[in-house]
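*Asks:*
Protein chains in written order, with the UniProt record's numbering: chain L, 1 to 139; chain P, 1 to 428.
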């Protein structure tokens, strides 16, 4: 025979109907970056990936451990800075796309040694709409 | 059936340089060095810097010309960044073992006993750290901690092993060959002085030490060297210490950016060191019963004054955790040591005779106990500084002077994993 063990002291009166439900509050970290050790944050500059949902000033959440797939937004090192591009694969050929200065969609093949230059895959975007959500204004 | 002991030593390759390169790939392929506090000495070198002959530990100005001639780069140390990446690396490593002992910022021992395939496990771990953190590591495996450490050196020196070397896979001849080519000073636990003594007795290589009689080693040098001999012979004498005991002393000391004689600057520096020590003290839930400060000039041979005393101590009747009390006492001690006109180059604070903080509440029979509200105030202080950044709230004496004692960090990279305002930008 099995007996359930109640860890909660027996109280006279009406027990809370919520007492046996999960107690952890929702935490954005568990949703947006469950793989905490491989997660890095970056600040997006420019509007060239607006169609993919990235605006100037957005906080990008990157996972360094993932293998990039068709359709992913990837970060890699180019000359002297990090850039983010949309990765696609057409007939076995990889392409990196974004909008150019004239706002036309451009795609180019990855540079030589792309594997060594690739830094990670963007897995989320966080955007603050009100000053009060900034760090230090929690109350 | 008892399981065979198996230890792993994981070690980040040129760790500080690797951390810098992670966020700045322009540093790849060129000689790079990282400098100590105050940009004084070289504390980490890339393989390229080693190859052109930049020595470890020397003052930077001695190697500057050589480095720049080869288009190398020198960086200030960014300990906040290295500490953050170290914590991540250690967290990943801990998932692969039944016990972990963090040995230094870039090194840990792991207990691999009972693993079906320790070598496979080590390769997997190395790959995980590389993929998730972008940091290269080497792993040595052995039947004792001392052998795991040696195996790690082999893994580092010989690229053909792919970063993982297992001492247990060698046969007796191969072991002998490796040990013969290894200076006895390379063995874990054999420092400079011991090496000289051993050499005087004709023990110059690790092989010769491994062949020594443990009983003789104990009689001659004590328990530690006997253990080293046994461990070299493949007997595990040390285990992976899972828990680091709370520190018995807490220090914060540092050389100044330049020589100082202004008392206000010295007060600011001492106050800063008290703040750092007190934070660590409260983080490990201890209270201090003894406070030391030290204040040093250059030795007379190097242009400094002859210093009567560079050390002052004060027993604290009531063990305390309170930054304000500690600061006040430390400044009194400073006044005792300080001599007008003398130029100092280093100062520091040491908290000693630590006791559990709750014991400090009991107080002395004749003195009032440290009031609970002081502890609450310190809790609030630490909480605010953790959330809003170091020194958001501090004891005002740390702001005296013009901040000339501060670390020189001309070339420090952004602290991009710990400060929101320093995260990297990426262009779209």
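Just so you know, even glycine gets a beta-carbon here, dropped at the ideal spot from N, CA and C. These figures come from a predicted structure and were not determined experimentally.
(1) Determine whether the beta carbon atoms of residue 123 of chain L and residue 58 of chain L lie at a separation below 8 Å.
(2) Can you list the alpha helix (DSSP H) stretches of 4 or more residues lying completely in the region 259 to 347 of chain P, in chain order?
(3) Tell me whether the region 125 to 142 of chain P and the region 164 to 178 of chain P touch, counting them as touching only if at least three CB pairs, one residue from each stretch, are closer than 8 Å.
(4) What residue ranges within the region 62 to 131 of chain L form continuous beta strand (DSSP E) runs of no fewer than 3 residues, ordered along the chain?
(5) Are any of the Cβ atoms in chain L nearer than 8 Å to that of residue 132 of chain P?
(6) Give me the Cα-Cα distance between residue 104 of chain P and residue 88 of chain P, rounded to the nearest whole angstrom.
(7) For the alpha helix (DSSP H) containing residue 50 of chain P, list its first residue and its last residue.
(8) Have a look at residue 95 of chain P and residue 128 of chain P and give me their C-alpha separation to the nearest angstrom.
(9) Given that a residue counts as buried once 16 or more other Cβ atoms are within 10 Å of its Cβ, and exposed if not, what is residue 192 of chain P?
(10) Applying a beta-carbon distance threshold of less than 8 Å, which residues of chain L neighbour residue 430 of chain P?
(11) I want to verify the contact list: residues of chain L whose CB lies under 9 Å from the CB of residue 417 of chain P, in sequence order.
(12) Is it buried or exposed for residue 91 of chain P, if we count other Cβ within 10 angstroms and need 16 for buried?
(13) Tell me, to the nearest whole angstrom, how far the beta carbon of residue 175 of chain P is from that of residue 185 of chain P; I am working on the premise that it is less than 8 Å.
(14) Does any C-beta atom of chain L lie closer than 8 Å to the C-beta of residue 88 of chain P?
(15) Would you mind telling me which residues of chain P sit closer than 7 Å to residue 98 of chain L, beta carbon to beta carbon, in chain order?
(16) Let me see if you follow: with CB-CB separation under 8 Å, is residue 423 of chain P close to chain L or not?
(17) Counting C-beta neighbours from all protein chains within 10 Å, is the total for residue 129 of chain L 16 or more, i.e. buried, or is it exposed?
(18) Which of helix, strand or coil does DSSP assign to residue 96 of chain P?
(19) Please classify residue 132 of chain P: does DSSP put it in a helix, a strand, or coil?
(20) Near residue 74 of chain P, which residues of its chain fall below 7 Å by C-beta distance, leaving aside the five closest residues on each side in sequence?
(21) Chain P beta carbons: is any one of them nearer than 8 Å to that of residue 87 of chain L?
(22) Would you tell me roughly how many angstroms separate the C-alpha atoms of residue 344 of chain P and residue 291 of chain P, rounded to the nearest one?
(23) Could you tell me which uninterrupted alpha helix (DSSP H) segments, each at least 4 residues in length, are contained entirely in the region 119 to 166 of chain P, listed from first to last along the chain?
(24) Residues bridged to residue 39 of chain L by DSSP?
(25) Quick one, are the C-beta atoms of residue 312 of chain P and residue 333 of chain P less than 8 Å apart?
(26) Counting C-beta neighbours from all protein chains within 10 Å, is the total for residue 4 of chain P 16 or more, i.e. buried, or is it exposed?
(27) Taking residue 67 of chain P as part of the alpha helix (DSSP H), name the residues at either end of that continuous run.
(28) Mind reading off the beta-carbon distance from residue 210 of chain P to residue 233 of chain P? Whole number of angstroms is fine, and I expect it under 8 Å.
(29) Which same chain residues, not among the five before or five after residue 277 of chain P, have their C-beta less than 6 Å away from its C-beta?
*Replies:* Working from what's here:
(1) no
(2) 263 to 283 and 323 to 337
(3) yes
(4) 73 to 78, 81 to 90, 93 to 99, 105 to 108 and 118 to 126
(5) yes
(6) 14 Å
(7) 47 to 51
(8) 11 Å
(9) exposed
(10) With chain P represented from 1 up to 428, any question about residue 430 of chain P goes unanswered, as that position is not in the structure.
(11) 40 and 41
(12) exposed
(13) Going by Cβ atoms, the distance from residue 175 of chain P to residue 185 of chain P rounds to 19 Å, so no, they are not a contact pair.
(14) yes
(15) 428
(16) yes
(17) exposed
(18) coil
(19) helix
(20) 33, 35, 60, 67 and 411
(21) no
(22) 20 Å
(23) 145 to 157
(24) L:63
(25) yes
(26) exposed
(27) 60 to 69
(28) 6 Å
(29) 250, 252, 349 and 351
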